[in-house]
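Have a look at the structure below, then the notes.
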Amino acid sequence: KAGVTQTPRYLIKTRGQQVTLSCSPISGHRSVSWYQQTPGQGLQFLFEYFSETQRNKGNFPGRFSGRQFSNSRSEMNVSTLELGDSALYLCASSLPWAGGPFVFGPGTRLLVL
Amino acid sequence: EDQVTQSPEALRLQEGESSSLNCSYTVSGLRGLFWYRQDPGKGPEFLFTLYSAGEEKEKERLKATLTKKESFLHITAPKPEDSATYLCAVQAERGGADGLTFGKGTHLIIQP
Chain L
1 KAGVTQTPRY LIKTRGQQVT LSCSPISGHR SVSWYQQTPG QGLQFLFEYF
51 SETQRNKGNF PGRFSGRQFS NSRSEMNVST LELGDSALYL CASSLPWAGG
101 PFVFGPGTRL LVL
Chain X
1 EDQVTQSPEA LRLQEGESSS LNCSYTVSGL RGLFWYRQDP GKGPEFLFTL
51 YSAGEEKEKE RLKATLTKKE SFLHITAPKP EDSATYLCAV QAERGGADGL
101 TFGKGTHLII QP
């Protein structure tokens, strides 16, 4: 059974640019959530999607957005990048009902210069 | 606001030396408590989910327990390959599906 895949794995951008990250969940998993991991703040919840609808959102500015497609694949977008957006962005998929378990992908490492 | 505090921040053990990692939490109604293992440069790897106080789960050298205020991850006779950062997270029981609130993790090193 294939795991959660994330593309690209590494990305370098400059301040002010925008970036789009992609996540393909495990087959049959229809819930996809996104997290940001930094050394200082640890893992922080960004948002969660189910059936193409955002069900919940963490405390991040509006520059962070996402969407989910009918095949459950999800993308997240960060506009007007700031240096502080440098982080490991993780995607997790789970079955539709709450309670997990949440299976994480390998992450996308974003460096903003 | 949900909070998760893990201790110690770092732990160095000799191979075979058993120990426990602590995860203290406050949440307005617990839906589930999760333990993950994370190796450098990789995504977290799921270990256990605990749903109610008194519940215990085991996997190889790891055993997780849960009370109403904290969870322990017991590591028995660890091996060098158990070296990793261990993360604890909670999901609150609220309407809709909330994300996980994570602790900062315990960085575990097992020396041969």
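Residue numbers (the numbering used here), protein chains in the order written: chain L, 1 to 113; chain X, 1 to 112. For every residue, glycine included, the Cβ atom is placed at its ideal position computed from N, Cα and C.
Within-7 Å CB hit, residue i to chain L
i, result
"G29(X)", "no"
"K104(X)", "yes"
"T118(X)", "Lying outside 1 to 112, the shown extent of chain X, residue 118(X) is not represented and no answer is given."
"P44(X)", "yes"
"G99(X)", "yes"
Min CB distance residue i to chain X below 7 Å
i, result
"E48(L)", "yes"
"P115(L)", "Coverage of chain L is limited to positions 1 through 113, which leaves residue 115(L) absent and any answer about it impossible."
"G42(L)", "yes"
"L90(L)", "yes"
"F64(L)", "no"
"S51(L)", "no"
"F45(L)", "yes"
"P61(L)", "no"
"P101(L)", "yes"
"S33(L)", "yes"
Candidates the options: closest to residue i by CA position
i, options, result
"A84(X)", "Q3(X), E9(X), E1(X), T5(X)", "E9(X)"
"F102(L)", "E48(L), L83(L), S65(L)", "E48(L)"
"Q18(L)", "L83(L), I26(L), G40(L), R9(L)", "L83(L)"
"F34(X)", "E15(X), E56(X), L13(X), S18(X)", "E56(X)"
"A92(L)", "L46(L), N71(L), I12(L)", "L46(L)"
"F69(L)", "N59(L), T53(L), P61(L), N77(L)", "T53(L)"
"S72(L)", "L95(L), R63(L), S86(L)", "L95(L)"
Rounded C-alpha distance that separates residue i from residue j
i, j, result
"E58(X)", "H74(X)", "9 Å"
"R67(L)", "T65(X)", "36 Å"
"E93(X)", "D39(X)", "29 Å"
"G103(X)", "R55(L)", "23 Å"
"H107(X)", "S7(X)", "10 Å"
"E60(X)", "C88(X)", "18 Å"
"Y89(L)", "G42(L)", "11 Å"
"G40(L)", "P112(X)", "30 Å"
"G99(X)", "D2(X)", "11 Å"
Start and end residues, beta strand (DSSP E) containing residue i
i, result
"Q3(X)", "3-7"
"Q36(L)", "31-38"
"S79(L)", "Run containing S79(L): none; DSSP gives neither H nor E here."
"E48(L)", "42-50"
"I26(L)", "Segment: none, I26(L) is in no beta strand (DSSP E) and carries neither H nor E."
"Q65(X)", "Residue identity check: residue 65(X) is Thr in the sequence provided, not Gln. Its beta strand (DSSP E) spans residues 62-66."
"K59(X)", "56-59"
Backbone secondary structure at residue i - three-state DSSP
i, result
"E81(X)", "helix"
"R84(L)", "It should be pointed out that residue 84(L) corresponds to Gly in this sequence rather than to Arg. Residue state, collapsed to three classes: helix."
"R63(L)", "coil"
"G32(X)", "strand"
"R37(X)", "strand"
"Y51(X)", "coil"
"A2(L)", "coil"
Per-residue contacts from residue i into chain A (C-beta, under 9 Å)
i, result
"L87(X)", "Chain labels in this structure do not include chain A; the protein chains are L and X."
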